[in-house]
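Asks: Below is a structure I'd like to ask you about.
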Amino acid sequence: MNIAHPAPQAAQTSPAPQAPPPPGPVAADPPAQPGGPVPGPVIPPEGVAAAAQPGTGRSRRTVVLSVVAALVLVLVAAAGVLVVRPGPVDGWLAGGPAPTPAPSATPDPTPTPVLAAADASAAAPTAAGVRAAIAPLLKAGPLGPRVNVSVADVATGESLFEQNADTMTTPASTTKLLTAATVLSARGPAYRLATRAVAGARPGEVVLVGGGDPTLSVGAKGQFPGAARLDKLAAQVKAALGGQAPTKVLIDTSLYRGPLTAVGWDGDVIGGGQVAKIQPLMTNAGRIQPVHNEFGGDPRFADPALAAGRAFAKQLGLAPGAVSTGTAPAAADPATPSAAASAAPGVAPAPGAELGRVESPPLVHVVDWMLEQSDNVIAEALARQVALAADAEPSFTGAAEAMRAELGELGLPADEVNLYDASGLSRKNGISPKLLTDLLTLAAGGKQPQLSAMFGGLPVAGWSGTLRTRFVTPAPNRIGQGLVRAKTGTLTGVNTISGQLVTEGGRLLVFAIMADATGESVAARQALDKIAAKLVTCGCS
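Laid out in structure tokens, this is it:
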């Protein structure tokens, strides 16, 4: 077995006790269940001007960028139950939570800060101070002999610490930071993924056309809140067909090209439930059950598209045997794809006429789910959207090339990334720590506002996502709870973390710490957390 199986750490709170999973592989990053309190995006403080966009080469390291506050608000229930601020944040924020207001007809929830805000006037750390604080921690045994690091001050764009910062390193799931940035740049936060049904070549045939939405649900009980639903699509189809009964369902997966699995994936990642075969039609990211297991793999369909087709056929009153693969016929008049809805009773819709369509939530929400849960299937689907937006081949290879090109368009050093997938499961991927901190600095700077949406899905230490049970042990690491917001990555022998943090003095830093020859996984993650926690408490003047 090639992927580590981390033991769960003690969580602060847990929605419900779960029995430990059976031994098996663990995803490139242990995922987390959506639906808990998810802090919002970082917001630039008033009075701080946006700085120039970083360029390529080493000159980019001196570019001045604006400070972005990491202030996140979590709503308090109307019943008056207060959300506890994790770690040291409660002591650092002025005053306590506002008293519960007197009951009214429509009481408003009282927001309670979870993350401290960055302070533009805070003293800037020095490179010498940061080196003195964290250099000894990089020698921790569990991290192994290769630890590559980049730390930067967002306000000035100055590099505060580098150790092999330009060296491409196996990134594991920190790859998803690039996936998030490139798809938000290529498609925009408001873009939606559509799943369509069209009339087949023969009367009664319905073609289910995959549009690359991995969050599609069969019904109301889906994995992802607000997802598009096959039962609603089936209702549209029945209305469009009028009195004609559907006889057959064809599934069209022609949107994607190439292999269904990536070069560099360990042999047990699909069997272990860490990912599914990448197809443009599936429900619940290929999961057999719309339930996410935080500490282990989720069983996936062997053929996600076929499973989705059968679920759709059931909604139409057809048996599983009525489903087969096919391709949607071209519409006779593409300018009026919904003409079937107004067809006269008893008249079969024209082949290719659209019978119904459902759309995903806005792309920004899909990106949030990918980052919070570290969902590998969503990552691969989003990468293909980068390729489709660039008219490139929607395959693993085409998506990787399109992502590199998009990074270059953003002024980032595309020569410091080598991709074979977009999820980080591939051991052949290579990303430099400096590229990650340059990306985070750019996203925080305001020059590329669509990129700032990626911060909303980043897990918060001790609070949400894949960091919910991190920064717990040993006790000194808890200082980072509520103040570190980052994407983590885990493969056997690989442990990484990259994100942003607010220091005790109020300075906003971005960081990437990448070790790809580690020892025992839990100890390695604790060693990474210790470095980030040290940056939180470090005045480093």
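Under full-length UniProt numbering, the first residue of the sequence shown carries the number 1, and numbering increases by one thereafter.
Ideal Cβ placement from N, Cα and C applies to all residues, glycine included.
Quick caveat, the model's predicted, so the values are computed rather than measured.
1) Taking DSSP as the reference, what is the three-state secondary structure of G271?
2) What residue range is occupied by the uninterrupted beta strand (DSSP E) comprising I497?
3) Take L451 as the anchor and find which of G505, Q244, D368 and D153 has the nearest alpha-carbon.
4) When DSSP labels each residue in this structure, what does A220 get in the three-state scheme?
5) T437 to V249, Cα distance in whole Å?
6) Spatial neighbours of L388 within its chain, please: CB distance less than 7 Å, with the 5 preceding and 5 following residues excluded, ordered by chain position.
7) Put R380 into one of helix, strand or coil per three-state DSSP.
8) For P361, I'd like the list of residues in its chain whose CB is within less than 6 Å of its CB, leaving aside the five on either flank, ordered along the chain.
9) Look up D213 in the DSSP assignment and say whether it is helix, strand or coil.
10) Provide the residue span of the alpha helix (DSSP H) that contains F396, from first to last.
11) Buried or exposed for T169, please, with buried defined as at least 16 other CB atoms from any protein chain shown within 10 angstroms of its CB.
12) By the 10 Å Cβ neighbour count, where 16 or more other Cβ atoms means buried, how is A381 classified, buried or exposed?
13) What's the gap between the Cα of K534 and the Cα of L483?
14) Measuring only the C-alpha atoms, how far is V26 from Q244?
15) Counting beta carbon pairs with one atom in the segment 231 to 246 and one in the segment 348 to 360, are three or more of them shorter than 8 Å?
16) How many Å lie between G352 and L208 at the Cα?
17) So, for F511: in the same chain, excluding its five sequence neighbours on each side, which residues have a beta-carbon less than 6 Å away from its beta-carbon?
18) Taking the straight line between their C-alpha atoms, what separation do you get for P203 and G493?
19) Between the alpha carbons of A444 and G258, how many angstroms are there, rounded?
20) Kindly indicate the opening and closing residues of the beta strand (DSSP E) around Q163.
21) Can you grab the Cα-Cα spacing for the pair T195 / L509, in whole Å?
22) Are the CB atoms of A532 and P142 nearer to each other than 7 Å?
23) Smallest Cα separation from residue 546: which of G480, L425 and G456?
24) Using alpha carbons as the reference points, say which of T174, A127, R131 and A197 lies closest to P349.
25) What number of angstroms, rounded off, separates the C-alpha of P516 from the C-alpha of C540?
26) In this structure, how does DSSP classify G445 when only helix, strand and coil are distinguished?
27) Kindly say whether G264, judged by its beta-carbon, lies nearer than 7 Å to any beta-carbon of chain B.
28) Spatial neighbours of G408 within its chain, please: C-beta separation below 6 Å, excluding the five flanking residues on both sides.
29) Should A285 and I378 be called a contact, given that it needs their Cβ atoms to be closer than 7 Å?
30) Would T466 and T496 be called neighbours here (beta carbons separated by less than 7 Å)?
31) For a test of your reading of the model: does the CB of G219 fall under 6 Å from any non-hydrogen atom of the ligand NAD? Yes or no.
32) Which of the three DSSP states, helix, strand or coil, is assigned to V237?
33) Identify which residue in L439, A486, T156 and F471 has its Cα closest to the Cα of G457.
34) If you draw a straight line from the C-alpha of F455 to the C-alpha of P433, how long is it?
35) Look at the alpha carbon of T179 and the alpha carbon of A135, and state the distance between them as a whole number of angstroms.
36) Ends of the beta strand (DSSP E) at E372?
Replies: Concretely, from the data shown:
1) Within the sequence shown, numbered from 1, the residue matching residue 271 stands at position 271. Correct three-state label for G271: coil.
2) Counted from its first residue, the sequence shown places residue 497 at position 497. V494 to V502 is the extent of the beta strand (DSSP E) around I497.
3) Translated into the one-based positions of the sequence shown, residue 451 becomes position 451. Nearest option by C-alpha distance: D368.
4) Position 220 of the sequence shown, counting from 1, holds the residue named residue 220. A220: coil per DSSP, three-state reduction.
5) Here residue 437 refers to the residue found at position 437 of the sequence shown. Here residue 249 refers to the residue found at position 249 of the sequence shown. Spanning the two alpha carbons is a distance of roughly 48 Å.
6) Counted from its first residue, the sequence shown places residue 388 at position 388. Cβ neighbours of L388 beyond the five flanking positions: P394.
7) Taking the sequence shown and counting its residues from 1, one reaches residue 380 at position 380. The question names Arg, yet the displayed sequence has Glu at residue 380. It is helical.
8) Against the sequence shown, residue 361 aligns to sequence position 361. So the qualifying residues of the chain are G226.
9) In the sequence shown, counting from the first residue as 1, residue 213 sits at position 213. Note: D213 maps to strand in three-state DSSP.
10) Walking along the sequence shown from the start, residue 396 turns up at place 396. Taken as a continuous stretch (DSSP letters only), the alpha helix (DSSP H) holding F396 covers F396 to E409.
11) By one-based count along the sequence shown, residue 169 stands at place 169. Under this definition T169 is a buried residue.
12) As a position in the sequence shown, residue 381 is number 381, starting the count at 1. A381 comes out buried.
13) Reading the sequence shown from its first residue, position 534 is the one you call residue 534. Reading the sequence shown from its first residue, position 483 is the one you call residue 483. The alpha-carbon atoms of K534 and L483 are separated by roughly 12 Å.
14) Walking along the sequence shown from the start, residue 26 turns up at place 26. Walking along the sequence shown from the start, residue 244 turns up at place 244. Because V26 sits at a pLDDT of 41, beneath the cut-off of 50, its placement in the model cannot be relied upon, and the following sentence gives the value as read from the coordinates. Between V26 and Q244, the C-alpha separation is close to 48 Å.
15) yes
16) What you label residue 352 is simply residue 352 of the sequence shown in a count that begins at 1. What you label residue 208 is simply residue 208 of the sequence shown in a count that begins at 1. Each residue's Cα considered, the two are about 11 Å apart.
17) As a position in the sequence shown, residue 511 is number 511, starting the count at 1. Counting only Cβ-Cβ distances below 6 Å, and skipping sequence neighbours, we find V151.
18) For the purposes of this step, residue 203 is taken as residue 203 along the sequence shown, with counting starting at 1. For the purposes of this step, residue 493 is taken as residue 493 along the sequence shown, with counting starting at 1. Cα to Cα, P203 sits roughly 56 Å from G493.
19) Here residue 444 refers to the residue found at position 444 of the sequence shown. Here residue 258 refers to the residue found at position 258 of the sequence shown. In a straight line, the C-alpha of A444 is about 35 Å away from that of G258.
20) In the sequence shown, residue 163 corresponds to position 163, counting from 1. Its beta strand (DSSP E) spans residues S159 to Q163.
21) On the sequence shown, position 195 is the one that residue 195 refers to. On the sequence shown, position 509 is the one that residue 509 refers to. Looking at the two C-alpha atoms, the distance is approximately 40 Å.
22) For the purposes of this step, residue 532 is identified with residue 532 of the sequence shown, where counting begins at 1. For the purposes of this step, residue 142 is identified with residue 142 of the sequence shown, where counting begins at 1. Cβ atoms of A532 and P142: not closer than 7 Å.
23) Only positions 1 to 541 of the chain appear in this structure, which leaves residue 546 out of reach.
24) Walking along the sequence shown from the start, residue 349 turns up at place 349. Among T174, A127, R131 and A197, the Cα nearest to that of P349 is on A197.
25) Residue 516 sits at position 516 when you count from the first residue of the sequence shown. Residue 540 sits at position 540 when you count from the first residue of the sequence shown. Reading off the sequence, residue 516 comes out as Asp, not Pro. Rounded to the nearest angstrom, the two C-alpha atoms are 27 Å apart.
26) Residue 445 sits at position 445 when you count from the first residue of the sequence shown. Residue state, collapsed to three classes: helix.
27) In the displayed structure, chain B is absent; only one protein chain is listed.
28) In the sequence shown, the residue the question calls residue 408 occupies position 408. A414, listed in sequence order.
29) Looking up residue 285 in the sequence shown gives position 285. Looking up residue 378 in the sequence shown gives position 378. Yes. Within cutoff.
30) In the sequence shown, counting from the first residue as 1, residue 466 sits at position 466. In the sequence shown, counting from the first residue as 1, residue 496 sits at position 496. Not in contact: T466 and T496 (Cβ atoms no closer than 7 Å).
31) The ligand content of the structure shown is nil, which means the ligand NAD is not present either.
32) Your numbering for residue 237 matches position 237 in the sequence shown. V237: helix per DSSP, three-state reduction.
33) What you label residue 457 is simply residue 457 of the sequence shown in a count that begins at 1. It is A486.
34) In the sequence shown, counting from the first residue as 1, residue 455 sits at position 455. In the sequence shown, counting from the first residue as 1, residue 433 sits at position 433. Looking at the two C-alpha atoms, the distance is approximately 18 Å.
35) Sequence index remark: in the sequence shown, residue 179 carries index 179 (1-based). Sequence index remark: in the sequence shown, residue 135 carries index 135 (1-based). Computed Cα separation, rounded: 30 Å.
36) The count along the sequence shown starts at 1 and reaches residue 372 at position 372. Element bounds for E372: not the beta strand (DSSP E) but the alpha helix (DSSP H), L363 to Q373.
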